[in-house]
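K.L.:
Quick mapping for you: the protein sequence lines, in order, are chains A and B. For the first sequence, counting from 1, position 160 maps to 159 in numbering that gives the first Met the number 0; every step adds exactly one. For the second sequence, counting from 1, position 311 maps to 310 in numbering that gives the first Met the number 0; every step adds exactly one. Ideal Cβ positions, reconstructed from N, Cα and C, are used throughout, including at glycine. Here it is: the structure, laid out below.
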Amino acid sequence: MHDTTGTKVFRVVTIVLLSIFTIIPIYVMVISGLKPLKDVQGAFSWWPTTLTVQPYIDMWKTVPLADYFVNSVIVSTVATVLSLIIAIFASYAISRYSFRGRTVFSTTVLSTQMLPGVLFLLPLFLIFVNINTNFGLQLVGTRTGLIITYLTFSLPFSIWMLAGYFDGIPRELDEAAKVDGCGPMRALLKVILPTARPGLVAVAIYSFMTSWGEVLFASVMTTDANRTLAVGLQLYSTQTNVYWNQIMAASVVVSIPIVIGFLLLQKNFVAGLTAGAVK
Amino acid sequence: MSASTAVKNSGPTAGASGRKPRKPRRAGWWLPYALLAPAVIFELVIHVIPMVTGIWMSFLKLTKMFISNWGNAPFVGLKNYQVALDFDSAVGLGLLKSFGITVAFTILVVGFSWGLGMAAAVALQKTFKGRAIFRTLFLIPYALPMYAGVIAWKFMLQKDNGALNHLIFDNLGLPGDKPFWLIGDNAFFAVVIVAIWRLWPFAFLMLMAGLQSVPTDVYEASAVDGAKPLRQWWAITLPMLRPVNMVLVLVMFLWTFNDFNTPFVLFGGSQPPAGDLISFHIYNASFLTWNFGSGAAMSVLLLLFLLVVSGIYLLFMNRRKDNA
Numbered sequence: 000m001h002d003t004t005g006t007k008v009f010r011v012v013t014i015v016l017l018s019i020f021t022i023i024p025i026y027v028m029v030i031s032g033l034k035p036l037k038d039v040q041g042a043f044s045w046w047p048t049t050l051t052v053q054p055y056i057d058m059w060k061t062v063p064l065a066d067y068f069v070n071s072v073i074v075s076t077v078a079t080v081l082s083l084i085i086a087i088f089a090s091y092a093i094s095r096y097s098f099r100g101r102t103v104f105s106t107t108v109l110s111t112q113m114l115p116g117v118l119f120l121l122p123l124f125l126i127f128v129n130i131n132t133n134f135g136l137q138l139v140g141t142r143t144g145l146i147i148t149y150l151t152f153s154l155p156f157s158i159w160m161l162a163g164y165f166d167g168i169p170r171e172l173d174e175a176a177k178v179d180g181c182g183p184m185r186a187l188l189k190v191i192l193p194t195a196r197p198g199l200v201a202v203a204i205y206s207f208m209t210s211w212g213e214v215l216f217a218s219v220m221t222t223d224a225n226r227t228l229a230v231g232l233q234l235y236s237t238q239t240n241v242y243w244n245q246i247m248a249a250s251v252v253v254s255i256p257i258v259i260g261f262l263l264l265q266k267n268f269v270a271g272l273t274a275g276a277v278k
Numbered sequence: 000m001s002a003s004t005a006v007k008n009s010g011p012t013a014g015a016s017g018r019k020p021r022k023p024r025r026a027g028w029w030l031p032y033a034l035l036a037p038a039v040i041f042e043l044v045i046h047v048i049p050m051v052t053g054i055w056m057s058f059l060k061l062t063k064m065f066i067s068n069w070g071n072a073p074f075v076g077l078k079n080y081q082v083a084l085d086f087d088s089a090v091g092l093g094l095l096k097s098f099g100i101t102v103a104f105t106i107l108v109v110g111f112s113w114g115l116g117m118a119a120a121v122a123l124q125k126t127f128k129g130r131a132i133f134r135t136l137f138l139i140p141y142a143l144p145m146y147a148g149v150i151a152w153k154f155m156l157q158k159d160n161g162a163l164n165h166l167i168f169d170n171l172g173l174p175g176d177k178p179f180w181l182i183g184d185n186a187f188f189a190v191v192i193v194a195i196w197r198l199w200p201f202a203f204l205m206l207m208a209g210l211q212s213v214p215t216d217v218y219e220a221s222a223v224d225g226a227k228p229l230r231q232w233w234a235i236t237l238p239m240l241r242p243v244n245m246v247l248v249l250v251m252f253l254w255t256f257n258d259f260n261t262p263f264v265l266f267g268g269s270q271p272p273a274g275d276l277i278s279f280h281i282y283n284a285s286f287l288t289w290n291f292g293s294g295a296a297m298s299v300l301l302l303l304f305l306l307v308v309s310g311i312y313l314l315f316m317n318r319r320k321d322n323a
């Protein structure tokens, strides 16, 4: 099939416009993180007169960014691993067995996607407060509390996506494992999981990304002790100054690990996402 | 784990039996339940109990006095709902306005994100040199932590030292005064553009994956028949992408309607009336006034609305599929 002039023009125009739209905020972020404070407080300039890495040094002192980094890493990793493990078993059951209550369970899980986060936020907050008053167990302001709330979005999505992915793995593989004398758990561990690796990676990336970027629960459920990056980045605005250059530098630093991870594994992500979502 | 050792002992009889209904009470019938147990327990803790609690809360006069001891909050029946739906009262009017803004926001964001995602997916459908670079580039806004991208926009939208006003007035030389983008009526467009910037790569990702499943010989055959590209898109691409689009549009609708993060990070604590999206509105109604009962009632109303719209959408889509 040969391209007509019309399709060529369409392609070039689309790509150019969308590239500009995509790049500008990223460029502004990167370039402003390398400017001295006085240059981000005056009129904007595309080409900076002074380039400095000072914001990248100062940002660790203005707010305890390293602490927030550690909190974000711990909370996101534990939430991801936990929801992945729980989802593996549940999705395997949904994909490979028919049993009473199967439809009810999978519909329930799917429908939680519809629920606004704010609907869970208020009750969870109150339940946590109550647990604290009645049992002395502190959940608001702890990592445990935050991890539990993060499961509200990562667990249903993981189950949903993995079940779709497992469905795409031929049943003959399970049967072959069975013939070799494997029980269902060994079939899951030795056959299904290795085959489903792209799907597992996709689910893990998704959970980690959403936890890493989560703002709503993080802003209510955290205190000074367990603030995540999402909340910590807001603290560069003081009453006297907004350290835009440090905010932008910090934004670059919190983005780099996740963007690199995503771009390296994006093929898995696309395959996993569509297998789970489109089937 | 005890479940896994027990399963190993039960041997091959407990193996997978496919999709067809199994005979009841076969050996190992409990296995799927054991596999499901952790998920069910967590679902109870994170979804079912909070939801039941939330619905119960919406019938209580749950003000600051009762936060740590809400068992004692007085039961007021449907009072919170009455107030939320009384459009003559300040609370009801605020909710109605916020709802209207959110509907407009959702239509614009989902529409444009879908359109841009589709255009990009079609533009990158065929291989050409450098395709991988653009593919990667377009995915970056989606990969960025959401607050990092939105904060960059927030900086760009500053009145005096922002890149956008600099571009419009200093670079392109448009006449007039630099406007505020994050205060006043412009705030609506600001939040729409930022939300589109974040969401369209997701549409692109899904549609691109969907396009890969369209066999190229269909296009070739139709080209031989003299079909123009636009007609091919309408008659081949769009129908082939139906399953993807069905899920994609619903998911984007739900995410956008419930979006809290974009306005929260973009506007900080004090949102302008024009950018008062509904999740954010409910959050403020609950935590600023510490009236959780009222906030819970609004959440339940929001949930009912989303359930009805999603239900109608799915029914309509399934009927069209049956007719096709």
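#1: What residues from chain B crowd round A:Gln40, counting only those whose CB sits closer than 7 angstroms?
#2: What residues in the stretch 278 to 310 of chain B bring their beta carbon closer than 8 angstroms to a beta carbon of chain A?
#3: In terms of alpha-carbon separation, which member of B:Leu314, B:Pro272 and B:Leu305 lies closest to B:Leu92?
#4: List the residues of chain B whose Cβ lies closer than 9 angstroms to the Cβ of A:Ala203, in chain order.
#5: Start and end of the alpha helix (DSSP H) containing A:Arg226?
#6: Throw me the rounded Cβ distance for the B:Leu247 and B:Ala189 pair, which I believe falls under 8 angstroms.
#7: From the DSSP secondary-structure annotation, give me the bridge partner or partners of A:Val241.
#8: Please classify B:Leu305: does DSSP put it in a helix, a strand, or coil?
#9: Anyone know if the C-beta pair for A:Leu64 and B:Ile150 falls short of 8 angstroms?
#10: Identify which residue in A:Tyr149, A:Val190 and A:Thr51 has its Cα closest to the Cα of A:Lys177.
#11: Beta carbons nearer than 7 angstroms to chain B: which residues of the stretch 240 to 255 of chain A have them?
#12: Using a Cβ cut-off of 7 angstroms, which residues of the stretch 224 to 242 of chain B contact any Cβ in chain A, in chain order?
#13: Alpha carbon to alpha carbon, what distance is there between B:Gly27 and B:Thr12?
#14: Rounded to the nearest angstrom, what separates B:Met117 and B:Leu206 at their Cα positions?
#15: So for B:Phe179, helix, strand or coil by DSSP?
#16: Listed from N- to C-terminal order along the chain, which residues in the stretch 260 to 274 of chain B have their beta-carbon within a distance smaller than 8 angstroms of any beta-carbon of chain A?
#17: Residues of chain B with CB under 9 angstroms from A:Pro115, in chain order?
#18: Quick one: which unbroken alpha helix (DSSP H) runs of 4-plus residues sit fully inside the stretch 259 to 294 of chain B? Chain order, please.
#19: What residues are listed by DSSP as bridge partners for B:Leu59?
#20: For chain A, find out if any of its Cβ atoms is closer than 8 angstroms to the Cβ of B:Leu181; answer yes or no.
#21: I think B:Ser285 touches B:Phe291, with their Cβ atoms under 8 angstroms apart; what is that distance to the nearest whole Å?
#22: Can you name the residues of chain A whose CB is closer than 8 angstroms to the CB of B:Trp152?
#23: Can you check which of these residues, A:Asp223, A:Thr209, A:Tyr164 and A:Ile259, is closest to A:Thr76 by C-alpha distance?
#24: Would you check if there are 3 or more beta carbon pairs closer than 8 angstroms linking the stretch 191 to 198 of chain A to the stretch 127 to 147 of chain A?
#25: Taking 7 angstroms as the limit between beta carbons, can you name the residues of its chain near A:Ile85, skipping five residues before and five after?
#26: Pick from B:Leu303, B:Val191, B:Gln157 and B:Gly268: whose alpha carbon is nearest that of A:Gly41?
#27: List, in order along the chain, the chain B residues whose C-beta lies closer than 9 angstroms to that of A:Leu215?
#28: Residues of the stretch 128 to 158 of chain B with a CB closer than 7 angstroms to any CB of chain A: list them in chain order, please.
#29: Buried or exposed: where does A:Val8 fall if 16 or more other Cβ atoms within 10 Å of its Cβ makes it buried?
#30: Please list, in chain order, all residues of the same chain as B:Lys96 whose beta carbon is under 8 angstroms from its beta carbon, the five residues on each side excluded.
#31: Whose Cβ in chain B lies nearer than 8 angstroms to the Cβ of A:Pro193?
#32: Nearest chain B C-beta to A:Arg279 closer than 8 angstroms, yes or no?
#33: List the residues of chain B whose Cβ lies closer than 7 angstroms to the Cβ of A:Ile146, in chain order.
#34: Return the residue from the list A:Leu83, A:Ile126 and A:Trp59 that minimises the CA-CA distance to A:Leu234.
P.N.:
Reading from the atomic positions:
#1: Listed by position along chain B, the residues whose Cβ is nearer than 7 angstroms to that of A:Gln40 are Asn160.
#2: Within the stretch 278 to 310 of chain B, the residues whose Cβ lies closer than 8 angstroms to some Cβ of chain A are Ser278, Ile281, Tyr282, Ser285, Phe286, Phe291, Gly294, Ala295, Ser298, Val299, Leu301, Leu302, Leu305, Leu306 and Ser309, listed in chain order.
#3: Distance from the Cα of B:Leu92 is smallest, within the candidate group B:Leu314, B:Pro272 and B:Leu305, for B:Pro272.
#4: Going along chain B, no residue has its Cβ under 9 angstroms from A:Ala203, so there is no contact; the nearest lies around 14 angstroms.
#5: Membership of A:Arg226 in any alpha helix (DSSP H) is not indicated, and neither H nor E is assigned to it by DSSP.
#6: Their Cβ separation, rounded to whole angstroms, is 25 angstroms, which puts B:Leu247 and B:Ala189 out of contact at 8 angstroms.
#7: Bridge partners of A:Val241: A:Ser236.
#8: DSSP places B:Leu305 in helix when its eight states are reduced to three.
#9: A:Leu64 is not a Cβ neighbour of B:Ile150, given a cutoff of 8 angstroms.
#10: Looking at the Cα atoms, A:Val190 is the closest of the given residues.
#11: Of all residues in the stretch 240 to 255 of chain A, the ones placed with a Cβ closer than 7 angstroms to any Cβ belonging to chain B are Trp243, Ile246, Met247, Ser250, Val253 and Ser254, in chain order.
#12: Flagged, chain order: Pro228 and Pro242.
#13: At B:Thr12 the pLDDT is 41, less than 50, meaning the model places this residue with poor confidence; the figure from the coordinates comes in the next sentence. Approximately 7 angstroms, taken between the alpha carbons.
#14: Whole-angstrom Cα-Cα distance: 6 angstroms.
#15: DSSP places B:Phe179 in coil when its eight states are reduced to three.
#16: Flagged, chain order: Asn260, Phe263, Val264 and Gly267.
#17: Neighbours of A:Pro115 on chain B, chain order: Leu253, Phe256, Asn257, Phe259, Ile277, Ser278, Ile281, Ser298, Leu301, Leu302 and Leu305.
#18: DSSP runs (the alpha helix (DSSP H)) wholly in the stretch 259 to 294 of chain B: 260 to 266 and 277 to 286.
#19: B:Phe74.
#20: B:Leu181 is outside the set of residues whose beta carbon lies under 8 angstroms from a beta carbon in chain A.
#21: With 8 angstroms as the limit, B:Ser285 and B:Phe291 qualify as a contact, their Cβ atoms being about 5 angstroms apart.
#22: Correct list: Pro24.
#23: Among A:Asp223, A:Thr209, A:Tyr164 and A:Ile259, the Cα nearest to that of A:Thr76 belongs to A:Thr209.
#24: Flag = no, the stretch 191 to 198 of chain A and the stretch 127 to 147 of chain A do not touch.
#25: Contacts found: Leu154.
#26: A check of alpha carbon separations from A:Gly41 across B:Leu303, B:Val191, B:Gln157 and B:Gly268 identifies B:Gln157 as the nearest.
#27: Listed along the chain, the chain B residues whose CB falls inside 9 angstroms of the CB of A:Leu215 are Phe259, Asn260, Phe263, Ser278 and Tyr282.
#28: For the stretch 128 to 158 of chain B, the beta-carbon criterion of a distance under 7 angstroms to any beta-carbon of chain A is satisfied by Phe133, Thr135, Leu136, Phe137, Leu138, Ile139, Pro140, Ala142, Leu143, Pro144, Met145, Tyr146, Ala147, Gly148, Ile150, Ala151, Trp152, Phe154 and Met155.
#29: Exposed, because fewer than 16 other Cβ atoms sit within 10 Å of the Cβ of A:Val8.
#30: Around B:Lys96: Pro272 and Asp275.
#31: Under the 8 angstroms cutoff, chain B gives no residues; its nearest Cβ is about 17 angstroms from A:Pro193.
#32: For chain A, the structure presents residues 0 to 278; residue 279 of chain A sits outside this window and is missing.
#33: What A:Ile146 touches in chain B: nothing, since even the nearest Cβ is about 10 angstroms away.
#34: Considering only alpha carbons, the answer is A:Trp59.
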